[in-house]
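Under our numbering, the first residue of the sequence shown carries the number 988, and numbering increases by one thereafter.
For reference, the structure is listed below as structure tokens.
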Amino acid sequence: MKIGINCFPTVGGSGIAATQLAFELAKKGHDIHLVSYDTPFLLRSIRHPNITLDLVDVLSYPLFRDIGAPYTILAASKLVNLSKKWNLDILNVHYAIPTGVSAYLAKQVTDTPVAITAHGSDIHILGIDPSYNPIVSHVLQNVDGISTVSKYMKNEIIDKFARNKNVEVIYNPIDTERYKKIEGQICDFRMKYETNFAHVSNFRPVKDTPFIVEAFAEVVKQKPNIGLILVGDGPERKKCEDLANNLGIASRVIFQGVRSYITPIYNCATALLSASKNESFGLTLAEAMACETPAIAPRIGGVPEVIDHEKNGFIYKLGDKESLVSYMIQLLEDRDLKDSMGEEGRKKVVGNFKGDIIADQYVNWYNKILE
Ligand code: GMT
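Here it is in structure tokens:
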């Protein structure tokens, strides 16, 4: 198939998932045109001859100074040009705003079927906002297919937008060769303690990373020889640094910034910690689990579809710091539990989220749309 896949190039989960999907489809022989306004983050470390990157030309003009270049139109024009040039079979847009609208517009010109994959805030934050809602709603009701990354999200979409539409659930693809257990020397980053917890996020308020720092400080009172590795960057990173200082644990909280290869960090962690207030899937939970590292996260959104409580990780009530602390201590004290949960986590990912399986599900979905 000749497939146009549009995504954000940034470190966020939808861009990573879309690029991983592009890679998996390319490995299966499909001809992939990845469309974005910059090189997608993951494409900097993977490549395949069946993938071409088609950049949207962000053409500005003095009149647009206050509103920015009209990206929706620029991306729509790019999708029209690509569809015509390569005779694309289908356009699969990841994240509904704004390029779901671009693809819908492109279809009016070229008739190329449009499949939107919704990822989270495009639905439950931006999509429901009256500033976007009338157009996003119209587009979702009229595109050829909608998929999303969890059953939770499917219910959200049906409830808020497309009551009569069939919404396909296709979980995010995980590269189980990239994310796996590593034996032997793995410490290629600064690490002060042998025992660590890890957190990976964009430090947006929805991730509530300060809550992780606070919980870690509680655990340190009982288990002094541990560290916390924080990966990523974003609006609340400084707040976390200040908090670690104020709580007197600054020397054991290591900030690693944005990293392209974090398998060693997952491997060095007793658990991956999340405090997200919403998460439609939780890519980093599944990545850690693929590395045989249990994840601990709140019971929100699609998290219970990724973590099976007490089997391959722990789920706690959102905001319940005591529970998070007690699960962290349980894993520190019981190495066998950590190992067995880790093995179960890997099994869960390989059985349900492996890139190769997910790519087949996408192809089946595309075929259904094209029937
Ligand atoms: O929705 C967002 O906030 C951004 C989006 C992204 O591009 O990072 O994240 C969402 O998509 C990821 C990939 O499907 C999911 O793993 C995240 O759970 C989801 N984030 C939220 O729902 C907050």
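Glycine included, C-beta positions come from ideal geometry on N, C-alpha and C.
Beta-carbon proximity of residue i to residue j, cut-off 8 Å
{"i": "THR1271", "j": "ASN1183", "result": "no"}
{"i": "TYR1139", "j": "GLY1288", "result": "yes"}
{"i": "VAL1402", "j": "THR1163", "result": "Missing from the structure shown is residue 1402; the chain here goes from 988 to 1358 and no further."}
{"i": "ILE992", "j": "LEU1008", "result": "yes"}
{"i": "ILE1169", "j": "THR1250", "result": "yes"}
{"i": "VAL1364", "j": "VAL1290", "result": "The requested residue 1364 is not part of the displayed model; the chain covers only 988 to 1358."}
{"i": "ALA1013", "j": "ILE1038", "result": "yes"}
{"i": "ALA963", "j": "ASP1131", "result": "Examination of residue 963 is not possible in this model, given that the chain is present from 988 through 1358 alone."}
{"i": "ILE1084", "j": "LEU1113", "result": "yes"}
{"i": "VAL1136", "j": "PHE995", "result": "no"}
{"i": "ILE1144", "j": "VAL1154", "result": "yes"}
{"i": "PHE1010", "j": "HIS1035", "result": "yes"}
{"i": "TYR1158", "j": "PHE1340", "result": "yes"}
{"i": "LYS1065", "j": "ASP1098", "result": "no"}
{"i": "LYS1264", "j": "LEU1215", "result": "no"}
{"i": "GLU1205", "j": "VAL1312", "result": "yes"}
{"i": "ARG1333", "j": "GLU1292", "result": "no"}
{"i": "PHE1242", "j": "LEU1217", "result": "yes"}
{"i": "ALA1346", "j": "LYS1015", "result": "yes"}
{"i": "TYR1166", "j": "GLU1266", "result": "no"}
Selected residue, minimal CA-CA separation from residue i, among the options
{"i": "THR997", "options": "ILE1115, LEU1259, ILE1112 and TYR1082", "result": "TYR1082"}
{"i": "GLN1209", "options": "LEU1040, ILE1316 and ALA1013", "result": "ILE1316"}
{"i": "VAL1187", "options": "ARG1224, ASP1116, TRP1073 and ILE1157", "result": "ARG1224"}
{"i": "VAL1245", "options": "LEU1092, ASP1220, ILE1084 and GLY1306", "result": "ASP1220"}
{"i": "SER960", "options": "ASN1129, LEU1012 and SER1261", "result": "With the chain running from 988 to 1358 in the structure shown, residue 960 is simply not present."}
{"i": "PRO1117", "options": "MET1276, ASP1326 and PHE1148", "result": "PHE1148"}
{"i": "HIS1106", "options": "PHE1340, GLU1181 and GLY1000", "result": "GLY1000"}
{"i": "VAL1022", "options": "SER1089, GLU1143 and ALA1273", "result": "SER1089"}
{"i": "ILE1356", "options": "ASP1146, PHE1203 and PRO1100", "result": "PRO1100"}
{"i": "TYR1180", "options": "ILE1252, GLU1292, GLU1228 and THR1196", "result": "ILE1252"}
{"i": "LYS1335", "options": "LYS1304, PRO1160, ARG1322 and GLN1348", "result": "PRO1160"}
{"i": "PHE1028", "options": "ASP1295, ALA1004 and ILE1060", "result": "ALA1004"}
{"i": "ILE1060", "options": "ASN1074, VAL1293, GLN1095 and HIS1296", "result": "GLN1095"}
{"i": "ASN1151", "options": "LYS1167, GLN1128, GLY1171 and TYR1166", "result": "GLN1128"}
{"i": "VAL1080", "options": "THR1104, ASN1074, TRP1073 and LEU1318", "result": "THR1104"}
{"i": "ILE1019", "options": "ALA1063, LEU1069 and SER1064", "result": "LEU1069"}
{"i": "ASN1276", "options": "GLU1266, ASP1295 and PHE1203", "result": "Position check: residue 1276 holds Met in this sequence, whereas Asn was assumed. Comparing Cα-Cα distances from MET1276 to each of GLU1266, ASP1295 and PHE1203, the minimum goes to ASP1295."}
{"i": "LEU1043", "options": "HIS1111, TYR1024 and ALA1056", "result": "Reading the sequence as shown, one finds Val at residue 1043 and not Leu. The shortest C-alpha separation from VAL1043 is found at TYR1024."}
{"i": "THR1026", "options": "THR1006, LYS1015, PHE1190 and GLY1016", "result": "THR1006"}
{"i": "ASN1212", "options": "MET1178, ASN1232, ASP1109 and VAL1350", "result": "MET1178"}
{"i": "TRP1073", "options": "PRO1049, HIS1017 and ASP1326", "result": "HIS1017"}
{"i": "ALA1185", "options": "ILE1283, ASP1109 and ASN1232", "result": "ILE1283"}
{"i": "LEU1030", "options": "LEU1318, GLY1300 and TYR1248", "result": "TYR1248"}
Rounded distance between the beta-carbons of residue j and residue i, thought under 8 Å
{"i": "ASP1076", "j": "LYS1194", "result": "About 37 Å; that fails the 8 Å criterion."}
{"i": "MET1328", "j": "PRO1281", "result": "4 Å"}
{"i": "GLU1331", "j": "LYS1298", "result": "5 Å"}
{"i": "PRO1197", "j": "CYS1227", "result": "6 Å"}
{"i": "ALA1202", "j": "LYS1308", "result": "5 Å"}
{"i": "TYR1091", "j": "VAL1126", "result": "5 Å"}
Start-end ranges of the alpha helix (DSSP H) lying completely within the stretch 1220–1307, minimum 4 residues: Fully enclosed alpha helix (DSSP H) runs of 4 or longer: 1224–1233, 1250–1254, 1270–1277 and 1290–1293.
Enumerate, from N- to C-terminal direction, the unbroken alpha helix (DSSP H) stretches of 4 or more residues contained entirely within the stretch 1084–1142. Whole alpha helix (DSSP H) segments, 4+ residues: 1086–1097, 1108–1111 and 1120–1129.
Contiguous alpha helix (DSSP H) assignments of at least 4 residues, all confined to the stretch 1311–1345: Segments of the alpha helix (DSSP H) lying fully in the stretch 1311–1345: 1322–1339.
In chain order, which continuous runs of the alpha helix (DSSP H) of length 4 or greater are located wholly inside the stretch 1156–1218? If one requires a minimum length of 4 residues, the alpha helix (DSSP H) runs lying completely within the stretch 1156–1218 are 1196–1209, in chain order.
Tell me the start and end of each unbroken beta strand (DSSP E) in the stretch 1016–1078 that is at least 3 residues and wholly inside, in chain order. As far as the stretch 1016–1078 is concerned, its whole beta strand (DSSP E) runs of at least 3 residues are 1018–1023 and 1038–1042.
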